[in-house]
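K.L.:
What follows is a single structure, and I will ask about it in a moment.
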């Protein structure tokens, strides 16, 4: 696919900047910036289909993050606007087809996890319900609207998407009344839900239940706090769209009331008192007195909350949580000879995720910390000049997923922000 001219221009500007101010990053700048557009985006009928890289399906979450760094330039070129519109149009159709699915085929070809015991159809690659998958397209559309004056996406189907998300979140406030179940036979326990596919029991909290984490691993407890916080923000974005674009004040109010209920649930059940770190966010809870203290590098994560506009970088509870996340108290924080940062139970012990290191930099208030993270990222690519899914903290040549567009796009976002802030010039 031909790359929009504005993206080629901006990639070359980024490369020139880093050649001047931080030469080690220069070989990565242009190719990580363009990786998503060069290798994962294709026209498909009247819209655009976005694979994750080495997997042929389109994830709602990944496809949103893969192109997020391009949206700031969409106002400058119609070709890029057309691509972003086409991706949002495809995402809308996917959500309206099945809001519980997380990944879809380009055509109704029946590829993917066809043996899963859930309501599959030939369009669906995987039907793991991850509430953040419903939030990510709203984030993308909101950013396009605000940065590119993108009112051209707001048709009847987009309005239907907003109410579909509302309906699912409302239903899953009382998961025992939901029809969603998921069982994957003969698999690791992290790939299927216990209790005959219902997941572990939860109590009513005002929050909304989710089956799986953004890593595609199952939740231990059904209220995933960073996803809940992202859900609150997505509902508020949706309310703005309904009120300002569609003139639907009643619809906007419905979304705001649900967001308030979820927010109250987070405040009551999602915050714990840690003996060393003070008030901090749990990663998961069930509303029955149980919770998990950890963080996973996949976004939404607790570390990513300011990046997702869920709180400020200086929020006290966030800062307490951040200190926990970036310490040995977090069971998925790893420190090795080359790297130190957040990993994931989705990959092997001792592997740090470049997405996690990048997110640490994006949410930092410290110039020194940002540059420290940038230096670690330079040590993580093992001469490939691309970001990977996870990397052995002691041996960067030992990595997973050599082609992972989301990691490249997020790294490009960091390079753009560092350039905009001018911190290398100080």
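Residue numbers (the working numbering): 15 to 440. Using N, Cα and C, we set each Cβ at its ideal position, and we do this for glycine too. Fair warning: this is a prediction, and the values are worked out from it, not measured in the lab.
#1: Curious, which full-length alpha helix (DSSP H) runs of at least 4 residues does the stretch 305-368 contain?
#2: Is there contact between the stretch 66-86 and the stretch 143-153, where contact requires at least three CB pairs shorter than 8 Å?
#3: Can you tell me whether residue 202 is buried or exposed, with buried defined as 16 or more other CB within 10 angstroms of its CB?
#4: Figure out for me which residue from 357, 314, 332, 352 has the closest Cα to the Cα of residue 342.
#5: Residues in its own chain within less than 6 Å of residue 354 by CB, not counting five upstream and five downstream?
#6: What would DSSP say about residue 404, mapped onto helix, strand or coil?
#7: Tell me, which residues are paired with residue 298 by DSSP?
#8: With DSSP collapsed to three states, give me the class of residue 417.
#9: Indicate the three-state DSSP secondary structure (helix, strand or coil) for residue 198 in the structure shown.
#10: When burial is assigned at 16 or more other CB atoms within 10 Å of the CB, is residue 200 buried or exposed?
#11: Round the Cβ separation of residue 254 and residue 222 to the nearest angstrom and send it over; I've been treating them as touching at under 8 Å.
#12: Hey, residue 368 and residue 401 are a contact pair by Cβ (cut 8 Å); roughly how many whole angstroms apart?
#13: Assess, as a yes-or-no matter, whether the stretch 314-329 is touched by the stretch 231-251 under the definition of 3 or more beta carbon pairs within less than 8 Å.
#14: Within the continuous beta strand (DSSP E) that includes residue 58, where are the two ends?
#15: From residue 192 to residue 184, what distance separates their C-alpha atoms?
#16: Tell me, please, whether the stretch 27-40 touches the stretch 372-379 by the rule of three or more beta-carbon pairs shorter than 8 Å.
#17: For the candidate residues 432, 21, 416, whose alpha-carbon lies nearest to that of residue 84?
#18: Residue 154 bridges to which residues according to DSSP?
#19: Given a threshold of 16 other Cβ atoms within 10 Å of its Cβ, counted over all protein chains shown, does residue 411 qualify as buried or as exposed?
#20: Do you know offhand how far residue 256's Cα is from residue 406's?
#21: Using the Cα positions of residue 239 and residue 282, report the straight-line distance between them to the nearest angstrom.
#22: Tell me the DSSP bridge mates of residue 232?
#23: So for residue 205, helix, strand or coil by DSSP?
#24: Go through its chain and collect everything with a Cβ distance to residue 211's Cβ below 6 Å, but skip five positions before and after it.
#25: Check whether the Cβ atoms of residue 305 and residue 335 lie closer than 8 Å to each other.
#26: Does residue 278 pass the burial test, meaning 16 or more other C-beta atoms within 10 Å, or should it be called exposed?
#27: Okay, do the stretch 101-109 and the stretch 127-134 touch, 3+ Cβ pairs below 8 Å being the bar?
#28: Can you tell me whether residue 59 is buried or exposed, with buried defined as 16 or more other CB within 10 angstroms of its CB?
#29: If you draw a straight line from the alpha carbon of residue 233 to that of residue 34, how long is it in whole angstroms?
#30: By Cβ distance below 8 Å, which residues in the same chain neighbour residue 209 in space, the five residues on each side in sequence not counted?
#31: Excluding sequence positions up to five away, which residues of its chain have a Cβ less than 7 Å from the Cβ of residue 86?
#32: Which partner residues of residue 118 appear in the DSSP bridge assignment?
#33: Please classify residue 51 as buried or exposed, where buried requires at least 16 neighbouring CB atoms within 10 angstroms.
#34: Can you grab the Cα-Cα spacing for the pair residue 119 / residue 229, in whole Å?
#35: Can you tell me which of the three DSSP states residue 62 falls into?
#36: Within the continuous alpha helix (DSSP H) that includes residue 286, where are the two ends?
P.N.:
Looking at the atomic coordinates:
#1: 330-339
#2: yes
#3: The count along the chain shown starts at 1 and reaches residue 202 at position 188. Flag for residue 202 reads exposed.
#4: As a working mapping, residue 342 is identified with position 328 in the chain shown. Comparing Cα positions, the closest option is 357.
#5: To locate residue 354, count along the chain shown from 1; it is residue 340. Cβ within range, chain order: n/a, list empty.
#6: The count along the chain shown starts at 1 and reaches residue 404 at position 390. In the structure shown, residue 404 sits in a strand (DSSP, three-state: E or B).
#7: Here residue 298 refers to the residue found at position 284 when the chain shown is read from its first residue. Paired residues: 238, 306.
#8: Taking the chain shown and counting its residues from 1, the one referred to as residue 417 is at position 403. Residue 417: coil per DSSP, three-state reduction.
#9: Counting from one through the chain shown, the residue named residue 198 turns up at place 184. DSSP places residue 198 in coil when its eight states are reduced to three.
#10: Walking along the chain shown from the start, residue 200 turns up at place 186. By the 10 Å Cβ count, residue 200 comes out exposed.
#11: Against the chain shown, residue 254 aligns to sequence position 240. Against the chain shown, residue 222 aligns to sequence position 208. With a Cβ gap of about 20 Å, residue 254 and residue 222 do not count as contacting.
#12: Residue numbering aside, residue 368 sits at position 354 when the chain shown is read from its first letter. Residue numbering aside, residue 401 sits at position 387 when the chain shown is read from its first letter. Right, the Cβ-Cβ distance comes to about 4 Å (below 8 Å), so this counts as a contact.
#13: yes
#14: Residue 58 sits at position 44 when you count from the first residue of the chain shown. Start and end: 55-58.
#15: In the chain shown, residue 192 corresponds to position 178, counting from 1. In the chain shown, residue 184 corresponds to position 170, counting from 1. Whole-angstrom Cα-Cα distance: 10 Å.
#16: no
#17: For the purposes of this step, residue 84 is taken as residue 70 along the chain shown, with counting starting at 1. If we check each option's Cα against that of residue 84, 21 comes out closest.
#18: The sequence position of residue 154 within the chain shown is 140, counting from 1. Beta-bridge pairing links residue 154 to no other residue.
#19: As a position in the chain shown, residue 411 is number 397, starting the count at 1. Exposed, since its Cβ has fewer than 16 Cβ neighbours within 10 Å.
#20: The residue given as residue 256 occupies position 242 in the chain shown. The residue given as residue 406 occupies position 392 in the chain shown. So the alpha carbons of these two residues sit roughly 46 Å apart.
#21: Position 225 of the chain shown, counted from the first residue, corresponds to residue 239. Position 268 of the chain shown, counted from the first residue, corresponds to residue 282. Taking the straight line from one Cα to the other gives about 12 Å.
#22: One-based indexing of the chain shown puts residue 232 at position 218. Partner(s): 226.
#23: Mapped onto the chain shown, residue 205 falls at position 191. Note: residue 205 maps to helix in three-state DSSP.
#24: The residue given as residue 211 occupies position 197 in the chain shown. If we look at residue 211 and ignore the five residues flanking it on each side, its Cβ neighbours are 195, 196, 197.
#25: Taking the chain shown and counting its residues from 1, one reaches residue 305 at position 291. Taking the chain shown and counting its residues from 1, one reaches residue 335 at position 321. No, these two residues do not count as a Cβ contact at 8 Å.
#26: Position 264 of the chain shown, counted from the start, is the residue given in the question as residue 278. Classification for residue 278: exposed.
#27: no
#28: In the chain shown, residue 59 corresponds to position 45, counting from 1. With fewer than 16 other Cβ atoms within 10 Å, it is exposed.
#29: What you label residue 233 is simply residue 219 of the chain shown in a count that begins at 1. What you label residue 34 is simply residue 20 of the chain shown in a count that begins at 1. Cα to Cα, the separation comes out at about 45 Å.
#30: The residue you call residue 209 lines up with position 195 of the chain shown. Excluding sequence neighbours, residue 209 sits near 215.
#31: Residue 86 sits at position 72 when you count from the first residue of the chain shown. Only 161 meet the Cβ criterion.
#32: Counting from 1 along the chain shown, the entry for residue 118 is found at position 104. Residue 118 pairs with 72, 138.
#33: Within the chain shown, residue 51 is the residue found at index 37, counting from 1. Its Cβ being crowded by 16 or more others within 10 Å, residue 51 is buried.
#34: In the chain shown, counting from the first residue as 1, residue 119 sits at position 105. In the chain shown, counting from the first residue as 1, residue 229 sits at position 215. Between residue 119 and residue 229, the C-alpha separation is close to 19 Å.
#35: Walking along the chain shown from the start, residue 62 turns up at place 48. It is a strand residue.
#36: Taking the chain shown and counting its residues from 1, the one referred to as residue 286 is at position 272. It is not in any alpha helix (DSSP H) - residue 286 instead sits in the beta strand (DSSP E) that spans 285-288.
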